[in-house]
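Trainee:
Number of protein chains: 4
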Amino acid sequence: MPKMKTVTFSANWEPKSDFKLGPKDIEGKLTYLGSKVWRNPTLQVVEKEIPEIGPTEVLTKIKACGICGSDVHMAQKDEEGYIFYPGLTAFPVSLGHEFSGIVVKVGNKAIDKRTGIPYQEGDAVTSEEMLWCGRCRPCADGYPNHCERLQELGFTVDGAFAEYVKVDSRYVWSLEELKGSYKEADIFLAGSLVEPTSVAYNAVIERGGGICPGDNVVIIGGGPIGLAAIAVLKRAGAARVILSEPSKSRADLGKKMGVDYIINPLEEDFTQRVLKLTDNLGAKLYLEASGLPDKVFPDIERTIWEGKQLNSVVVVVARSAKKIPLTGEVFQVRRASMVGSQGHSGHGIFPHVISLMASGMDMTSLITKKVSLGEIPENIILLQTNREECKITAVFD
Amino acid sequence: MPKMKTVTFSANWEPKSDFKLGPKDIEGKLTYLGSKVWRNPTLQVVEKEIPEIGPTEVLTKIKACGICGSDVHMAQKDEEGYIFYPGLTAFPVSLGHEFSGIVVKVGNKAIDKRTGIPYQEGDAVTSEEMLWCGRCRPCADGYPNHCERLQELGFTVDGAFAEYVKVDSRYVWSLEELKGSYKEADIFLAGSLVEPTSVAYNAVIERGGGICPGDNVVIIGGGPIGLAAIAVLKRAGAARVILSEPSKSRADLGKKMGVDYIINPLEEDFTQRVLKLTDNLGAKLYLEASGLPDKVFPDIERTIWEGKQLNSVVVVVARSAKKIPLTGEVFQVRRASMVGSQGHSGHGIFPHVISLMASGMDMTSLITKKVSLGEIPENIILLQTNREECKITAVFD
Amino acid sequence: MPKMKTVTFSANWEPKSDFKLGPKDIEGKLTYLGSKVWRNPTLQVVEKEIPEIGPTEVLTKIKACGICGSDVHMAQKDEEGYIFYPGLTAFPVSLGHEFSGIVVKVGNKAIDKRTGIPYQEGDAVTSEEMLWCGRCRPCADGYPNHCERLQELGFTVDGAFAEYVKVDSRYVWSLEELKGSYKEADIFLAGSLVEPTSVAYNAVIERGGGICPGDNVVIIGGGPIGLAAIAVLKRAGAARVILSEPSKSRADLGKKMGVDYIINPLEEDFTQRVLKLTDNLGAKLYLEASGLPDKVFPDIERTIWEGKQLNSVVVVVARSAKKIPLTGEVFQVRRASMVGSQGHSGHGIFPHVISLMASGMDMTSLITKKVSLGEIPENIILLQTNREECKITAVFD
Amino acid sequence: MPKMKTVTFSANWEPKSDFKLGPKDIEGKLTYLGSKVWRNPTLQVVEKEIPEIGPTEVLTKIKACGICGSDVHMAQKDEEGYIFYPGLTAFPVSLGHEFSGIVVKVGNKAIDKRTGIPYQEGDAVTSEEMLWCGRCRPCADGYPNHCERLQELGFTVDGAFAEYVKVDSRYVWSLEELKGSYKEADIFLAGSLVEPTSVAYNAVIERGGGICPGDNVVIIGGGPIGLAAIAVLKRAGAARVILSEPSKSRADLGKKMGVDYIINPLEEDFTQRVLKLTDNLGAKLYLEASGLPDKVFPDIERTIWEGKQLNSVVVVVARSAKKIPLTGEVFQVRRASMVGSQGHSGHGIFPHVISLMASGMDMTSLITKKVSLGEIPENIILLQTNREECKITAVFD
């Protein structure tokens, strides 16, 4: 059996006293509440067998795979040794889900959605991370991001910090459209950013309802999702894209993504600045991408209240357990709405993002550091404290 | 000059110490913050001159006019003597805005939107209460409920607790379509309910996005708006209409409006009941019509979280200054959204409500008591404490 | 091996001279252009083995299965002996796809979308007819009705004019919600109508965008889809549902479905009647369900032109190769639109229809004749000429 | 009384034999069917009095005013001497409606929608051409483009080929936002293009539903509306904007507007080219802006049929009395739709276009020739035959 190198993540199943096995949890193996169960995580580069594929699957040789914030939280532990990451997990697993690569083996029913025939060896591809079941009610209704029987690549199924990864063709998307627009190596860098960009696209276009060309938007938080949202909304015709972000390095990345104005919310009055920059309108869309909704929401709400803009939509994409103190009257008087956003699958999102990348939306400057597969563990650790890097990405020859 | 009887409302302009004259307020006359300014209200039946009309106006002889909660709050005073009603007010004014009547005089440019020619004497009509300006940005964009230069009938302009009322034709709507479906007297009872029903219609159809036939809905609060929403949503094809309301008399009115199930939130577990009644789905639309959003929202949110329904919309129509403690994660995982709703104008709402009334949606059982014009002051006072009556309506010969 | 009775359909693969094997056609077996290939059809009741099921499949004992127009067209032949039905076909096959039954065997991964766990023996169920692949671009994007690799139950895969049918659980829907609303036998009659009702629901709600309560609608053609659309739109809150249909027996069925007014287009002026019935508005939604778009469209267009209604939508659901002579100017001046509609899958359609049936929308009067499985062939032939019957349905003990 | 120069248009009221006075026509003065009535047109530069304004009106000193195709058609006559322009007209009238200028007099109620207070002298402004009434059913419902009592600036009311024009403030829009983005003179050139750009914006964004970033679009016809649509859709995030246009000079203007690919439909196979350019998808949105729908529609339809794109929308914006031969089956199988588009008012269109112009969408290269007011008559005549010029615009010192 041929072998490959991969970054494997392990932890001990030691449930906290208040943990109860959920209906979909599997004792000792899988839980929807990671931080309640998994203790003493370890990250190692190991050898595994290259996976065998079934008739609907594709084997991909990885060319690039970026570190996601969730990778960082999985390896981060609290004082009792439990992992930070609170969600769906099944260990041990190979991490990595923001990837691109080259098809090396194809099942005979592994259809390429772009061509309607099976993938070809040599095709450049990427993949969704959410492995939706395709047969529960949300999947049948067209909402795969809310699949009731979700598996997640790099969380419950072996991921792409590896030389090879196996994925069912239904989650795979061709990157062939990028050829011609990018240099060879950059195709794969761009391709590894399709997944996080799709999270932003889902938030602002699918869930936020998009904008009309000429609308203003405000992004709160310059992490990878906020930064990707800047690029998408700039492309969608925003008159003014405003980023609220205290970090200088993140703000600089915002500029590369096309931001028009930056607010430092620690030094400036958010509402006053937004109103000044927007001719007293405010924004049609506010994206909460900071993870601090309790902190930033009052400012958003005051801006909606004081601005002339009607029909503002607040999209909450960053995860947080904090309560948002919402004033109904503001949403009544200003005809506003609030939506939650989750996921990146379905709704034509991946192919739209790829088409945008093929036609001028270059996200590759989000990658601030390139490393080898072997350096991934230490860089996952690095990102627990480093706030300067944006995407650290493993690249492969 | 011919005279008429009318119920006039007066109060003294005695601003509280923390009140500042707003940009659109007029010293001694008009404010956007009624409860900060007006003191020692009085309600009297007086004689006034019958209004003269201009070329675009209609003079209507009133046939029915119902008491609205805002009428009650205007006449209700706190311990210092200030009125309860917090909004736009200009006194003295004749109250009354939920009315119907017969056209007795028509300006030559007072176009009937139903026919495209001027109203005819004898036409049965009703009117919007929101006197939108038609030339500010919200009006020009199609959002008259958010007019920046709003006047309000029965709040800042003489209303319909009177023998006659004058209204610009742009706010007037024909009730001629009701003829044939109702007995003569009932046309006007129905017509006096078009305005509050339109507030409900705006909330659940225009702002809430309506439902697909077969969806479930939950109405929280069985006041006039909640009750009207029941009728509208039942008609819109809800599979199950559930009302959460502790009052027996309100619940009984809910049944008359077509409710399928009633929850007493003081005695039952809201979430468990909703899930049991909906085959564990929950509802597509939740209407907050109780005015207690801080109290009821956690239950709504828990139901969204535990039910299988995706894409739930929470519509907040009742006014309250209370914060709503919203959990972003619930709205993310369940693909939910929250909207505020205000007003009844525009979007074809009045004519749709009239067409519904003409084709079987009978709201007249909401009128629990009929009185004469002279009895209106005492009944406005009565409603400060009485919780049994729903609509008390002045009827005219 | 246990056996069962089934109605099998055969024909000879004798392509016409102008037929070319398409990219997805399979020589001698499957074609997208039925009427170009299949000759000398035969219908027989035969014995087959009861199908074995896989882990995601469900075996259902049939309780009711209705004859669809496409069944009739498959068995109908032109003068050269070719079948009428022009679409996707693979013979020999057991016909029948409008069915309901009782689950008798369940794969261990055959998830019930209603409960999230596998189906239970004894469950009442129905199924979609469109066997979408779940992995092509349209399926991934949420449009299973436009699957690029469609199979069809009773057309290319053995259907439900049989004692048992095997279907993958992703297409199966529980009818358990109907229990309590219907008598035992009627559950299955209703259940056999979910599929055609879903075609209508997809047309008027999903594709037509639904209506606002109080809108008027016109249905052109009182076949099963038009009749089902009446029931759905009546439930959706139409002020007036108008059916244009020359046949007395179809018009009578329309009344049972809730139609308000009937137009006989052979004897009355369609436009004048619609305008008279709608207070000169016309309709928000016109459903072309007659199959004669070239004949009826000019009348629809004239009604849109002469009525006051803006934003009318014309939904074309009946199949026809005829050109529709559309006048752009009418659609410009009246802000109108035209959409095509196909299929019944996805978008939550099946469960919404089932919920409607569980809450008062009784379609069973569409079934005008009940027969045994053995009588199906002769009744399929009967329907080639009989215009009085609506649904002829096989019922099983 | 102070005087000003203006280009006045006259013609004789000599109705053709088949003309009947319509319900809104005024004998000798106004008709909805211009080409049936008006004969022997003349264009002259004359002196008129500078208009007096009312309390809601604004007097504007014109800085730029472009010639529209409708101006050309008004002055063009058939062999019997009747004008080409078929629509709403009242003569004599000063032509001109694509204008910008400087406010010189303001009524005390002439509110600026941007600031909420009256316009200020010196403000740069433009205006809608459609003088909607604000009180008919379409206006009340939010559809001013379909006003039942429309007047039109430069068609029935004196327009802007004049030194001054008077317009009610409800139709006026501030161009102050353009200051800072344009040189002084270019503000007014840009401002004179807001109206035609708004026609395009209404077509592709409001009526066409906009696009998702990454969609492809095809514009058929490179006249001013098609060219403006290119700029709007490019800005809206189209992956590929394709223009079908045989004229070299128009194609070159298309490139200035941002077109990605040009098809010469006289020399190339439209469908093959579109499919090749779009990776076999086709387009999400097709804009018929050629005025030859009977000619171009079959190609659009074939492209929809052969491409993989679902949910295509065909927007018909150019006026034509020709029938469009639409195949329902194509719209069914491809889930497509067709909409008509008319007008430029409402829906926030003007301010969105102005914000786009203020943030980088520069349309001024559409102006291919600048002339003086006195040269307008000869240039209106010139455009009857010249196909090289796009916008010819009168500029004022």
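Residue numbers (this note's numbering), protein chains in the order written: chain A, 605 to 1001; chain B, 605 to 1001; chain C, 605 to 1001; chain D, 605 to 1001. Just so it is clear, CB atoms sit at the ideal spot from N, CA and C, and this is done for glycine as well.
Can you list, in chain order, the residues of its chain with a C-beta nearer than 6 Å to that of M942/D? Leave out the 5 residues immediately preceding and following it.
Mentor: The residue you call residue 942/D lines up with position 338 of the fourth sequence. Excluding sequence neighbours, M942/D sits near V918.
Trainee: Go to A1002/D, then tell me how far its beta strand (DSSP E) extends in each direction, as first and last residue.
Mentor: This structure leaves residue 1002/D out entirely; chain D is present only between 605 and 1001.
Trainee: Counting only C-beta atoms, is H1007/B closer than 8 Å to chain A at any point?
Mentor: Residue coverage of chain B in this structure runs from 605 to 1001, which leaves residue 1007/B outside it and unanswerable.
Trainee: Between T660/D and chain B, is the shortest Cβ-Cβ distance under 8 Å, so that the two count as touching?
Mentor: For the purposes of this step, residue 660/D is taken as residue 56 along the fourth sequence, with counting starting at 1. By this cut-off, T660/D is an interface position.
Trainee: Establish whether the CB of H951/D and some CB of chain B are separated by less than 8 Å.
Mentor: The residue given as residue 951/D occupies position 347 in the fourth sequence. With 8 Å as the cut-off, H951/D counts as an interface residue toward chain B.
Trainee: Name the chain B residues whose beta carbon is nearer than 8 Å to that of D883/C?
Mentor: Sequence index remark: in the third sequence, residue 883/C carries index 279 (1-based). Those are R718, E781, listed as they occur along chain B.
Trainee: Please go through the same chain and pick out, in chain order, the residues whose beta-carbon is closer than 8 Å to the beta-carbon of V708/A, but skip the five residues on each side of it.
Mentor: Working through the first sequence from its first residue, we reach residue 708/A at position 104. Closer than 8 Å at Cβ, skipping near neighbours: L663, T664, K665, E725, Y768.
Trainee: Taking Cβ-Cβ distances below 9 Å as the criterion, which residues of the segment 795 to 810 of chain A are in contact with chain D?
Mentor: Those residues of the segment 795 to 810 of chain A that come within reach of chain D (Cβ to Cβ, closer than 9 Å) are Y805, I809, E810.
Trainee: Between M942/D and chain G, is there a C-beta pair that is closer than 8 Å?
Mentor: Going by chain labels, chain G is absent from the structure shown, which instead holds the protein chains A, B, C and D.
Trainee: Could you spell out where the alpha helix (DSSP H) holding T907/D opens and where it closes?
Mentor: For this step, residue 907/D is matched to residue 303 along the fourth sequence. Run containing T907/D: 897 to 910, per the alpha helix (DSSP H) assignment.
Trainee: Tell me the start and end of each unbroken beta strand (DSSP E) in the segment 781 to 835 of chain B that is at least 3 residues and wholly inside, in chain order.
Mentor: Taking only runs of at least 3 residues, the beta strand (DSSP E) segments lying wholly in the segment 781 to 835 of chain B are 820 to 824.
Trainee: Can you tell which of M608/B, V676/B, K713/B, K633/B has the C-alpha that lies nearest to the C-alpha of L986/B?
Mentor: The residue you call residue 986/B lines up with position 382 of the second sequence. Nearest C-alpha to L986/B: V676/B.
Trainee: Thinking C-beta only, is I980/A closer than 8 Å to V697/A?
Mentor: Mapped onto the first sequence, residue 697/A falls at position 93. Mapped onto the first sequence, residue 980/A falls at position 376. No, these two residues do not count as a Cβ contact at 8 Å.
Trainee: Could you check what DSSP says for N749/A in three-state terms: helix, strand or coil?
Mentor: Here residue 749/A refers to the residue found at position 145 when the first sequence is read from its first residue. Note: N749/A maps to helix in three-state DSSP.
Trainee: Could you name the residues of chain B that Q936/A contacts, counting a contact when the two beta carbons are closer than 8 Å?
Mentor: Taking the first residue of the first sequence as position 1, residue 936/A is located at position 332. Result: V920, V921, R923, G944, S945, Q946.
Trainee: Can you give the Cα-Cα distance for S731/A and A840/B, rounded to whole angstroms?
Mentor: One-based indexing of the first sequence puts residue 731/A at position 127. One-based indexing of the second sequence puts residue 840/B at position 236. Straight-line Cα distance between these residues: approximately 41 Å.
Trainee: Would the beta-carbon of A843/D fall within 8 Å of that of G818/D?
Mentor: Against the fourth sequence, residue 843/D aligns to sequence position 239. Against the fourth sequence, residue 818/D aligns to sequence position 214. Cβ distance < 8 Å, so A843/D and G818/D count as in contact.
Trainee: Hey, out of V641/D, F613/D, W617/D, whose CA is closest to F623/D's CA?
Mentor: In the fourth sequence, residue 623/D corresponds to position 19, counting from 1. Checking every option, the nearest Cα to that of F623/D belongs to V641/D.
Trainee: Residues of chain A with CB under 7 Å from R844/D, in chain order?
Mentor: Within the fourth sequence, numbered from 1, the residue matching residue 844/D stands at position 240. By Cβ distance, chain A contributes S963.
Trainee: Taking only the alpha-carbon atoms, compute the straight-line gap between L960/C and G738/A and give it to the nearest angstrom.
Mentor: Here residue 960/C corresponds to residue number 356 of the third sequence, with the count starting at 1. Here residue 738/A corresponds to residue number 134 of the first sequence, with the count starting at 1. Cα-Cα distance, rounded: 25 Å.
Trainee: Please return the same chain residues whose Cβ sits closer than 6 Å to the Cβ of Q946/B, not counting the five positions on each side in sequence.
Mentor: In the second sequence, residue 946/B corresponds to position 342, counting from 1. Counting only Cβ-Cβ distances below 6 Å, and skipping sequence neighbours, we find N749.
Trainee: Have a look at I671/B and I984/B and give me their C-alpha separation to the nearest angstrom.
Mentor: Here residue 671/B corresponds to residue number 67 of the second sequence, with the count starting at 1. Here residue 984/B corresponds to residue number 380 of the second sequence, with the count starting at 1. Distance between the alpha carbons of I671/B and I984/B: 7 Å.
Trainee: Rounded to whole angstroms, what is the Cα-Cα separation between A855/C and A925/C?
Mentor: Counted from its first residue, the third sequence places residue 855/C at position 251. Counted from its first residue, the third sequence places residue 925/C at position 321. Whole-angstrom Cα-Cα distance: 26 Å.
Trainee: Go to M608/A, then tell me how far its alpha helix (DSSP H) extends in each direction, as first and last residue.
Mentor: What you label residue 608/A is simply residue 4 of the first sequence in a count that begins at 1. Looking at the DSSP string, M608/A is not in any alpha helix (DSSP H); the run it does join, the beta strand (DSSP E), is 607 to 617.
Trainee: CB L970/C to CB L831/C, shorter than 8 Å?
Mentor: For the purposes of this step, residue 970/C is taken as residue 366 along the third sequence, with counting starting at 1. For the purposes of this step, residue 831/C is taken as residue 227 along the third sequence, with counting starting at 1. Yes. Within cutoff.
Trainee: N712/A by DSSP, collapsed to three states: which one?
Mentor: For the purposes of this step, residue 712/A is taken as the residue at position 108 of the first sequence. Coil.
Trainee: According to DSSP, is R844/D helix, strand or coil?
Mentor: Numbered from 1 along the fourth sequence, position 240 holds the residue referred to as residue 844/D. It is a strand residue.
Trainee: Between the segment 738 to 749 of chain C and chain A, which residues of the former have a C-beta closer than 7 Å to a C-beta of the latter?
Mentor: Those would be G738, R739, C740, R741, A744, D745, G746, in chain order.
Trainee: Between the segment 745 to 759 of chain D and the segment 686 to 697 of chain D, can you find at least three pairs of beta-carbon atoms closer than 8 Å?
Mentor: As far as the Cβ criterion goes, the segment 686 to 697 of chain D touches the segment 745 to 759 of chain D, which means the pair count is three or higher.
Trainee: Please confirm whether N820/D and K888/D have their CB atoms less than 8 Å apart.
Mentor: Here residue 820/D corresponds to residue number 216 of the fourth sequence, with the count starting at 1. Here residue 888/D corresponds to residue number 284 of the fourth sequence, with the count starting at 1. Contact flag set, yes.
Trainee: Which of the three DSSP states is assigned to A668/C in this structure?
Mentor: Counted from its first residue, the third sequence places residue 668/C at position 64. Three-state result, A668/C: strand.
Trainee: Could you confirm whether any beta carbon from chain C is found closer than 8 Å to the beta carbon of L637/B?
Mentor: Start at 1 with the first residue of the second sequence, and residue 637/B comes out as number 33. No, L637/B lies away from the interface with chain C (no Cβ there is under 8 Å from its Cβ).
Trainee: Just the Cα atoms here: how many angstroms apart are W909/D and T931/D?
Mentor: Within the fourth sequence, the letter at position 305 stands for residue 909/D. Within the fourth sequence, the letter at position 327 stands for residue 931/D. In a straight line, the C-alpha of W909/D is about 10 Å away from that of T931/D.
Trainee: Would L960/A count as contacting chain D if we go by Cβ distances under 8 Å?
Mentor: Start at 1 with the first residue of the first sequence, and residue 960/A comes out as number 356. Closer than 8 Å: yes.
Trainee: Shortest alpha-carbon distance to E871/A belongs to which of E849/A, M861/A, Y865/A?
Mentor: On the first sequence, position 267 is the one that residue 871/A refers to. Checking every option, the nearest Cα to that of E871/A belongs to E849/A.
Trainee: For the 8 Å Cβ check, are there 3 or more pairs between the segment 605 to 620 of chain B and the segment 640 to 660 of chain B?
Mentor: The answer is yes - the segment 640 to 660 of chain B touches the segment 605 to 620 of chain B, with three or more Cβ pairs under 8 Å.
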